Structures are given as structure tokens and as C-alpha cells.
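One gets the numbering used here by counting positions in the sequence shown from 1 and adding 7 to each. Okay, so here's the structure we're looking at.
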Amino acid sequence: MKYPIAFAAGIAGSLFVAQAASAAGGFEDQMGRCLQQFANTKDAAQVMLECTADAGKLSGCKVVDNSAAGKGFDKAAMCIAEKLPMGAKTGTVKVPFRFPGGA
């Protein structure tokens with residue numbers, strides 16, 4: 008993966024991150040574009056989004072926590088969330104992102 012990012016599921020059950028691997032080309036490309044467009048990959052940050060999951064996608068996301076306010080990681084997380092596969096998960100979910108920096 009060109010731009011490392013870690014996802015952790017802070018919701019009951021699990022996010023099927025393995026699905027991201029099966030859609031690797033599109034999802035990894037989206038991550039790279041979002042990070043390049045909005046944030047400095049040398050910096051580290053953690054962002055928590057709260058979104059509505061339905062039909063395998065996230066919508067209506069809002070930032071509920073951002074450890075690096077003003078550095079664009081909130082926008083990068085929102086951009087990445089547009090392509091994050093959600094499987095059969097429905098309802099309100101919290102989606103934490105960890106941008107480790109150093110890339």
C-alpha cells in the first residue's frame with residue numbers, strides 16, 4: 008500500500024476491512040488521492056467519523072474527533088469514507104482512522 012492508514016472498528020461487530028483488499032485498486036487509489044489532496048502524509052493524526060451505513064456505503068458522515076485540527080486529515084477521512092466498503096452493516100456507525108505519518 009502506497010499510503011499507510013489503519014482502520015479500527017469502534018462498533019459492535021466488525022468492519023470487513025478484508026473487503027477493502029478485494030477492492031484494492033479503487034480503494035487504495037482513493038486513499039492516495041485523498042491524502043495527497045487534503046493532508047501531509049508526513050504528519051500523524053487520528054480522526055473519528057460518525058456515519059450512516061446502508062447498502063454497502065457510508066453517507067452523512069461528520070467528524071466527531073480530530074487530533075490534528077486544521078491539518079486536513081478530517082477532509083481526507085471524509086474523502087476516504089466515500090469509498091470505504093461496509094458490507095451488510097446498516098445504521099449509525101463510528102469509523103476511526105489512524106494516519107501514522109512518515110510517508
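Think of the CB as a built atom: it goes at the ideal place given N, C-alpha and C, for glycine as much as any other residue. Since the structure is predicted, the reported quantities are computational estimates derived from the model, not experimental observations.
As the crow flies, the alpha-carbon of residue 83 is around 7 Å from that of residue 46. If you look at residue 82, you'll find it in the alpha helix (DSSP H) that goes 80-88. In its chain, beyond the 5 residues on either side, 52 and 53 have a beta carbon closer than 6 Å to the beta carbon of residue 74. Classified as exposed, residue 76 has fewer than 16 neighbouring CB atoms from the shown chains inside 10 Å of its CB. For a cut-off of 8 Å, the C-beta gap from residue 44 to residue 87 is around 11 Å, too long to register as a contact. Under DSSP, the beta-bridge partners assigned to residue 52 are 106. Classified as buried, residue 81 has 16 or more neighbouring CB atoms from the shown chains inside 10 Å of its CB. The three-state secondary structure of residue 42, taken from DSSP, is helix. If you draw a 10 Å sphere on the C-beta of residue 102, you find 16 or more other C-beta atoms in it, and that means buried.
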